[in-house]
Each structure stands twice: as C-alpha cells, then as structure tokens.
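Contents: one structure, followed by commentary.
2 protein chains.
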Amino acid sequence: MLTRRRTEILGLVVHQYIDTAAPVSSRALVTRHGLSISTATIRNELAKLEEDGYIAQPHTSAGRVPLDRGYRLFVEELMAEEPVGVDEQRTIEHQFHQAPARLEDWLSLAAHVLSAAVSNVAVITRPSSRAAQLRHVQLVHLHDETVLLVAVMDDGRVQQRIVQLSRSEDQDGLTARASRLNARIADAEAAAVRAVADELADEDDQRLARMAADLIDEHRIAGETYLEGLRSALEQPEFASVERMLDAVRHLQAYELLRALPAPDDLRPGATRVMIGSENNDDWMHEWSVVTSSFGDYNGSLGTIAVLGPTRMRYGYTIPRVRYVASLVTALLHGVNR
Amino acid sequence: MLTRRRTEILGLVVHQYIDTAAPVSSRALVTRHGLSISTATIRNELAKLEEDGYIAQPHTSAGRVPLDRGYRLFVEELMAEEPVGVDEQRTIEHQFHQAPARLEDWLSLAAHVLSAAVSNVAVITRPSSRAAQLRHVQLVHLHDETVLLVAVMDDGRVQQRIVQLSRSEDQDGLTARASRLNARIADAEAAAVRAVADELADEDDQRLARMAADLIDEHRIAGETYLEGLRSALEQPEFASVERMLDAVRHLQAYELLRALPAPDDLRPGATRVMIGSENNDDWMHEWSVVTSSFGDYNGSLGTIAVLGPTRMRYGYTIPRVRYVASLVTALLHGVNR
DNA sequence: GTTAGCACTCTCGGCATGAGAGTGCTAATG
DNA sequence: CATTAGCACTCTCATGCCGAGAGTGCTAAC
Numbered sequence: 093m094l095t096r097r098r099t100e101i102l103g104l105v106v107h108q109y110i111d112t113a114a115p116v117s118s119r120a121l122v123t124r125h126g127l128s129i130s131t132a133t134i135r136n137e138l139a140k141l142e143e144d145g146y147i148a149q150p151h152t153s154a155g156r157v158p159l160d161r162g163y164r165l166f167v168e169e170l171m172a173e174e175p176v177g178v179d180e181q182r183t184i185e186h187q188f189h190q191a192p193a194r195l196e197d198w199l200s201l202a203a204h205v206l207s208a209a210v211s212n213v214a215v216i217t218r219p220s221s222r223a224a225q226l227r228h229v230q231l232v233h234l235h236d237e238t239v240l241l242v243a244v245m246d247d248g249r250v251q252q253r254i255v256q257l258s259r260s261e262d263q264d265g266l267t268a269r270a271s272r273l274n275a276r277i278a279d280a281e282a283a284a285v286r287a288v289a290d291e292l293a294d295e296d297d298q299r300l301a302r303m304a305a306d307l308i309d310e311h312r313i314a315g316e317t318y319l320e321g322l323r324s325a326l327e328q329p330e331f332a333s334v335e336r337m338l339d340a341v342r343h344l345q346a347y348e349l350l351r352a353l354p355a356p357d358d359l360r361p362g363a364t365r366v367m368i369g370s371e372n373n374d375d376w377m378h379e380w381s382v383v384t385s386s387f388g389d390y391n392g393s394l395g396t397i398a399v400l401g402p403t404r405m406r407y408g409y410t411i412p413r414v415r416y417v418a419s420l421v422t423a424l425l426h427g428v429n430r
Numbered sequence: 093m094l095t096r097r098r099t100e101i102l103g104l105v106v107h108q109y110i111d112t113a114a115p116v117s118s119r120a121l122v123t124r125h126g127l128s129i130s131t132a133t134i135r136n137e138l139a140k141l142e143e144d145g146y147i148a149q150p151h152t153s154a155g156r157v158p159l160d161r162g163y164r165l166f167v168e169e170l171m172a173e174e175p176v177g178v179d180e181q182r183t184i185e186h187q188f189h190q191a192p193a194r195l196e197d198w199l200s201l202a203a204h205v206l207s208a209a210v211s212n213v214a215v216i217t218r219p220s221s222r223a224a225q226l227r228h229v230q231l232v233h234l235h236d237e238t239v240l241l242v243a244v245m246d247d248g249r250v251q252q253r254i255v256q257l258s259r260s261e262d263q264d265g266l267t268a269r270a271s272r273l274n275a276r277i278a279d280a281e282a283a284a285v286r287a288v289a290d291e292l293a294d295e296d297d298q299r300l301a302r303m304a305a306d307l308i309d310e311h312r313i314a315g316e317t318y319l320e321g322l323r324s325a326l327e328q329p330e331f332a333s334v335e336r337m338l339d340a341v342r343h344l345q346a347y348e349l350l351r352a353l354p355a356p357d358d359l360r361p362g363a364t365r366v367m368i369g370s371e372n373n374d375d376w377m378h379e380w381s382v383v384t385s386s387f388g389d390y391n392g393s394l395g396t397i398a399v400l401g402p403t404r405m406r407y408g409y410t411i412p413r414v415r416y417v418a419s420l421v422t423a424l425l426h427g428v429n430r
C-alpha cells in the first residue's frame with residue numbers, strides 16, 4: 093500500500109541516493125530535507141517500502157538503497173525533468189556546427205557530444221536498412237588496371253571497393269563505362285542488379301555489376317554503432333573495483349549492445365524509453381539503465397540513440413538531453429541546418 | 093661491465109618476468125632453467141646488474157624486475173623473434189577475406205585483428221594527406237532541393253555533404269551538372285577549385301564547387317585513428333588496480349596517441365620500431381611500450397600501425413605480428429589480393 | 001499514529017602477529 | 001679469486017582481533 097507520504101519518502105531516498113551514491117539513512121533524510129517527522133517514523137515507512145520491494149539495505153546496519161522497482165516508480169511519477177537550458181543548447185549545437193564532412197562522422201560526433209553532456213556512455217546505432225537500393229555507381233581510376241568502385245546508396249551513404257579490371261582504361265573511359273552501367277543498374281536492389289549482371293556482354297561490366305550487388309548486400313547487413321564516453325561511465329563509484337570495471341569494458345566493447353537496445357521501430361521519433369536494471373534482457377545489464385530515443389534520416393529510416401549508465405543515474409537530467417540530441421541529429425540529417 | 097654470463101642472466105630475468113609478471117628470484121632462476129651455478133652466485137650477478145641500472149627490486153625482500161634499460165638490451169640483443177606460423181597466417185588472412193566493403197573499415201578491421209593476435213591495444217592511424225586532390229564529384233538526388241555532394245579524393249577515400257540547391261532538379265539534371273562541374277574542377281587541389289568556383293556563372297555550381305573545395309581541405313586535415321583491444325590490455329596484471337585501469341582508459345581514449353606515435357616518414361614500410369617505457373615522450377606512457385610499423389597505400393602515402401602494451405610485453409611475439417599485419421594491409425590497399 | 005530509547009548487528013579501519021620469501025653478507029672452499 | 005653454504009635481516013602479505021561508528025528494529029510510552 094503506497095500512501096502519499098510513503099511515496100514522497102521513496103522519492104527522497106532515490107533522489108539522495110542518486111546524488112550521494114551512499115545508502116540513505118533515516119537520519120540523513122530528516123536533516124537533509126528538514127522533515128518534521130522523526131527518524132523512527134521514517135524507519136517505519138522505510139520498512140514498509142522495503143517490504144514492498146522498492147528499496148533494500150545492503151546489510152543490517154546500513155541505510156536504504158533503491159531497487160529497480162523504486163527507480164521505476166521514481167521515473168514514472170516522482171522525477172522532475174531538468175530541461176536543457178538555452179546556454180547548454182548553444183554549447184551542444186556549437187559542437188555540431190564544426191561538424192565534419194563525412195556523413196558517418198556526424199553520428200560519431202553526436203555520440204561524443206551526448207556522452208559529454210550526461211557523463212555516461214552514449215551509443216548510437218544506425219541499423220541495417222531493410223531494402224537498400226543502389227542509387228549510382230562511379231568508377232575512379234587508381235593505377236593501371238586498378239579502379240575504385242564507388243556505390244552511392246539510397247540513404248546517402250557510400251560503399252567502395254577496389255577492383256582489378258581486365259585491362260587498363262583512362263578516367264574518361266571509366267566515366268563512360270560507369271554511365272553505361274548506371275543506365276542498367278541504377279535505382280535497383282541487389283537481386284535486380286544481379287539479374288542485370290547476368291545479361292551484360294562485357295566481362296568487366298559483369299564483374300562490376302556483381303560487385304555492386306555485393307556492396308548493396310553488405311550495406312544492407314552492416315549497421316553502424318558508435319560508442320563514446322566509456323571513460324566518464326567508469327569514473328562513477330559503481331565501478332570502483334577492478335572486476336566491475338573489467339566487466340563493464342568487456343561488455344561494452346563487445347557489440348552485443350545492438351540486441352539490448354530497443355529496435356527503433358517501436359519507438360517513434362521524439363519519444364524516449366527508459367529500461368532500468370533487470371528490465372534489460374541481458375544478465376550483465378542488470379545494474380545498468382538505458383535511456384533510448386530514436387532519430388530519423390532523410391530516407392525515413394530510423395536509428396537508435398541511447399545513454400547507458402548505472403541504475404543510479406540522473407534520469408531527470410539524462411532523458412531531456414537524449415531527446416534533445418536525437419532531435420538535433422534528425423534535423424541535421426534532414427539538412428535543414430545547413 | 094657486462095660479461096657474457098651476466099647478459100645471459102639478464103635475458104633469463106626479462107624472459108621470466110614477461111612470462112610470470114612476478115619479480116624474479118635467484119632461486120626461481122636456477123630451478124626453472126636448470127642452471128649449474130648456485131643462487132648465491134646469481135645473487136652476486138643480479139646485484140651488479142642492478143648497479144648498472146638494468147634491473148631493480150620493488151622492495152628489499154623481493155626478486156628482480158627489469159627496468160627500461162634491461163628491456164632495451166633484451167629487445168636489441170637477446171630476444172628471439174617468434175615468427176608468424178603458417179596456421180596463424182591463415183587465420184589472420186581469413187579474417188581479412190571477409191573484409192567489409194568500406195575502405196575505411198579495413199583499417200578498423202586490421203586494428204581488431206592485430207589486437208586479437210597480440211592481446212594488447214592496437215592503434216592504426218592514417219595521417220592527413222599532405223596535398224589532397226579532388227578526383228571527381230558526383231551529385232545524388234535526395235529529396236526536393238536537397239542533394240548529396242560526393243567527392244572522391246585521389247587516395248580513394250570519399251567525402252560527402254548534404255547541400256540545398258536553389259531549386260529542385262531530377263537525377264539526370266544533376267548528373268549533367270556534375271559532369272559539367274567535373275570538366276572544370278576534377279583532379280585539382282582545394283585552392284585551384286576555389287579559383288575556378290569564382291569564375292562560375294551559375295549560383296548553384298559556384299556553391300557546389302566551393303563546398304567541394306571545403307571537402308578537400310577537411311579531407312586533408314582529417315586523419316583517422318582506429319584503436320582496438322582496450323579490453324585485452326586491461327586484463328593484464330599491470331592494470332589490476334582501479335587507478336591504473338582508469339588512467340589507461342583515460343589516456344587511451346583521448347586521441348593524443350597520434351603525437352606519441354612516430355611519424356611514418358622516418359619509418360620505412362617493413363621496418364618496426366620499439367619504444368620502451370620512458371623512451372616515450374609522454375609521461376603517462378612511461379609504463380607502456382609501443383611497437384610501431386608503417387604501411388603504404390596505392391597513393392604512396394603512409395600510415396602507422398602500432399601495438400601498445402605494458403613494458404612487460406612479449407616483444408619477440410609482438411614485433412613479427414605487427415610487421416605481418418602491416419604488410420598485409422599494404423597489400424590489401426594495393427588491391428593485389430582481390 | 002508517532003516517537004524516544006535502547007539493544008543489536010554489521011562494517012570498517014587500525015593493529016599486531018607470524019609465516020614466507022628473498023636478499024646481502026660473511027666466511028669457508030677449491 | 002670466483003664460487004658457495006649458511007644465516008641473519010628485511011619486507012610483504014594474509015589473518016585475526018578489536019573497538020568505534022553507523023544504522024536499524026523493537027518496545028513501550030505518549
């Protein structure tokens with residue numbers, strides 16, 4: 093049974109624990125918040141909260157620590173969001189204005205900026221496109237028979253591969269060859285490109301078309317993942333032991349994260365989702381929380397942007413910032429900002 | 093004064109310390125290697141080696157630990173290289189055969205493979221090109237007035253940026269516009285492109301040319317760095333304390349590494365260089381060693397490939413593997429393998 | 001329902017202790 | 001004179017003990 097007062101006390105416990113990273117005692121609660129009830133009363137309430145599974149004590153003579161259920165209630169009903177101030181917005185946007193030229197680097201930069209803003213690990217994934225289409229190929233002469241096949245995909249990203257042709261050809265010849273190819277294989281999916289390839293008379297054309305089809309497939313399969321801010325996360329007190337720290341590095345460096353993050357499909361842009369501790373599927377994440385949002389690019393496909401940190405996370409601070417960076421990335425990818 | 097026997101003993105000490113990560117005692121030396129001299133004699137020799145600065149004891153009743161000078165002599169004269177066996181070569185090459193399509197990913201993959209092979213951090217940097225040239229531009233229609241400007245550089249890498257034109261144009265129109273532009277700005281450096289841009293009549297052409305020039309500049313400036321294997325390095329006993337580990341993460345994540353690595357100019361492809369402990373410039377690296385080699389791409393420009401680890405590193409094992417991967421990457425970038 | 005008081009529990013840092021490891025030194029030896 | 005056996009000495013490290021401190025749960029009174 094959650095009375096009003098009991099809920100408020102839970103809020104204070106969570107708040108203070110997030111702040112101090114130390115078990116919260118009944119006395120600390122009254123003194124730090126100037127409560128007008130005694131420590132004994134608090135203790136009674138704390139006992140009830142513990143009974144209901146919101147909090148726990150690490151050992152008999154310790155204060156209380158929030159459990160996942162406590163954090164959940166906190167996030168759901170008690171937390172106050174700390175909006176991104178104007179100055180902070182400016183700071184963040186400023187970092188994007190010196191954005192690098194390569195499209196891919198934007199996401200890496202975004203992960204960096206976000207991680208710095210919330211002092212935790214930031215992960216951005218751009219999952220594989222469902223049905224990637226080729227938009228265009230281009231051939232660039234490198235040396236002798238060696239050419240670079242550049243394939244531009246319909247999401248604006250680029251795949252490239254070095255190819256050996258059967259004989260040397262100058263750049264003009266290659267350009268002509270490329271437009272000849274484009275006439276047949278542009279704006280098509282891998283299967284279609286492969287079908288066309290079989291019909292091509294010229295041996296090199298055939299190889300190039302097949303290669304292009306391979307590139308489409310690889311592009312479709314290959315998602316991108318950017319992870320930044322390992323360092324800020326590891327500086328938090330929850331990792332102040334060698335095993336903890338090693339575990340964190342081990343798991344974060346392995347890219348199983350992708351599975352752990354909610355697919356962007358069930359998360360519409362602008363929304364955020366919070367997964368707390370054991371709500372995450374993976375065992376190793378039972379002491380981590382994840383704040384997820386999603387972004388869209390000009391092609392309508394979606395990506396995931398997330399912050400990972402210990403369950404003792406400043407949710408009210410993190411959530412608005414994840415949302416803000418997600419919206420910023422969306423705007424950037426739509427090109428409205430430049 | 094380094095007698096023959098003394099040198100041999102130093103070799104044994106270094107070897108064993110690399111193996112066990114524990115201070116080496118006189119008794120351990122005789123039993124582990126079946127020496128025919130007594131521990132007392134060893135102790136005398138050890139005392140001399142200590143006097144000369146090759147080894148030291150952590151505390152009075154501990155065995156000896158190699159100093160940088162000891163490692164240096166070991167690497168220079170005592171170490172036996174452990175060549176990359178045929179099976180191992182196959183394993184490594186195999187990982188490259190499933191190489192991803194994107195040129196950039198090759199280096200990231202190489203770092204990954206190398207780090208796995210030597211259980212330490214692998215860093216690969218491709219420094220900025222001195223005088224980047226544009227090879228080609230291409231325009232891809234995204235939506236409405238939004239187009240993607242793709243610039244292929246003379247080293248085969250690609251820069252791209254989203255551009256808003258003044259009015260919408262279909263893909264055919266854009267292709268024509270691109271060839272018109274290429275006729276003027278292909279195969280030129282940034283300054284030349286900018287000069288041409290000023291003369292262009294059409295407003296959009298001008299913007300695109302200027303943008304292309306910017307991309308060339310950015311390409312010239314932007315080096316790439318790939319770092320892999322943090323985890324394997326941190327698992328080594330030297331980092332078995334929270335501060336050590338945090339320090340390592342802090343420094344490795346910051347990209348000051350670039351400065352620390354020898355510029356590839358003074359290291360010809362195929363050669364390796366070893367920097368031990370305090371031979372490194374940065375203070376924080378005084379307990380790290382770096383094995384560096386370099387690779388060349390089809391454009392003749394150079395990159396650095398390195399392994400970082402604790403000074404207690406298996407030099408004889410690491411060096412051949414760094415060299416091997418460097419040669420593999422060079423071959424790959426020249427396209428001879430595909 | 002609230003609260004003062006108190007016994008109880010658990011952690012943590014400090015300290016002493018003893019075993020173990022390894023050395024340096026001395027004196028004896030070939 | 002190089003080598004070596006023997007031994008005293010030093011330092012670390014794991015262990016156990018102790019007391020202070022923190023915080024609780026319970027009881028009884030309000």
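Just so you know, the protein sequences line up as chains Y and A, in that order.
For the first sequence, the positions run 93 to 430 when the numbering used here is used.
For the second sequence, the positions run 93 to 430 when the numbering used here is used.
For every residue, glycine included, the Cβ atom is placed at its ideal position computed from N, Cα and C.
Span of the beta strand (DSSP E), counted from its first residue to its last, around residue i
i: Thr238 (chain Y); result: 238–245
i: Ile368 (chain Y); result: 364–368
i: Leu292 (chain Y); result: Element bounds for Leu292 (chain Y): n/a, residue is neither H nor E.
Cβ neighbour criterion (16 or more within 10 Å) applied to residue i
i: Thr95 (chain A); result: exposed
i: Asp290 (chain A); result: exposed
i: Glu295 (chain A); result: exposed
i: Gly177 (chain Y); result: exposed
i: Glu169 (chain A); result: exposed
i: Gly265 (chain Y); result: exposed
i: Glu143 (chain A); result: exposed
i: Pro158 (chain A); result: buried
i: Ser207 (chain A); result: buried
i: Ala398 (chain Y); result: buried
i: Ala224 (chain A); result: buried
i: Glu173 (chain Y); result: exposed
i: Ser118 (chain Y); result: buried
i: Thr422 (chain Y); result: buried
i: Thr217 (chain A); result: buried
i: Asp246 (chain Y); result: buried
i: Asn373 (chain Y); result: exposed
According to DSSP, residues forming a beta bridge with residue i
i: Pro158 (chain A); result: A:Ile147
i: Leu226 (chain Y); result: Y:Met245, Y:Ala280
i: Val399 (chain A); result: A:Ala214, A:Val383
i: Val232 (chain Y); result: Y:Leu240
i: Leu353 (chain Y); result: In the DSSP output, where bridge partners are listed per residue, Leu353 (chain Y) has none listed.
i: Gly388 (chain A); result: A:Leu394
Residue i - containing alpha helix (DSSP H), residue span
i: Gln181 (chain Y); result: 178–189
i: Thr112 (chain Y); result: 96–112
i: Ala334 (chain A); result: One detail in the question is off: residue 334 (chain A) reads as Val in this sequence, not Ala. First-last of the alpha helix (DSSP H) with Val334 (chain A): 334–345.
i: Ile411 (chain Y); result: 407–426
i: Gly261 (chain Y); result: Contrary to the premise, residue 261 (chain Y) reads as Glu rather than Gly in this sequence. Neither: Glu261 (chain Y) is in no alpha helix (DSSP H) and is coded neither H nor E.
i: Glu295 (chain Y); result: 295–313
i: Thr152 (chain Y); result: Counting along the chain, Thr152 (chain Y) falls outside any alpha helix (DSSP H), and DSSP gives it neither H nor E.
i: Leu319 (chain A); result: Note, Leu319 (chain A): premise wrong, no alpha helix (DSSP H); beta strand (DSSP E) at 316–320.
i: Leu121 (chain A); result: 118–125
Supposed close pair residue i, residue j - CB separation, criterion 8 Å
i: Gly145 (chain Y); j: Arg156 (chain Y); result: Not quite, the Cβ-Cβ distance comes to about 12 Å (not below 8 Å), so this is no contact.
i: Tyr307 (chain A); j: Gly248 (chain Y); result: Strictly speaking, residue 307 (chain A) in this sequence is Leu, with Tyr absent from that position. In fact, because the Cβ distance is near 15 Å, the residues do not count as touching under 8 Å.
i: Ser385 (chain Y); j: Ala418 (chain Y); result: 4 Å
i: Ala325 (chain A); j: Gly401 (chain A); result: 6 Å
i: Tyr409 (chain A); j: Val210 (chain A); result: 7 Å
i: His228 (chain Y); j: Val239 (chain Y); result: Not quite, the Cβ-Cβ distance comes to about 16 Å (not below 8 Å), so this is no contact.
i: Val213 (chain A); j: Leu319 (chain A); result: 6 Å
Next on the checklist: Under 8 Å: do the stretch 278–288 of chain A and the stretch 262–270 of chain A share three or more Cβ pairs, one atom per stretch?
Outcome noted: no
Checklist entry - Is the stretch 179–190 of chain A touching the stretch 294–314 of chain A, taking contact as three or more C-beta pairs under 8 Å? => result no
Checklist entry - So, do the stretch 331–338 of chain A and the stretch 331–343 of chain Y have three or more beta carbon pairs nearer to each other than 8 Å? => result Yes, the stretch 331–338 of chain A is in contact with the stretch 331–343 of chain Y.
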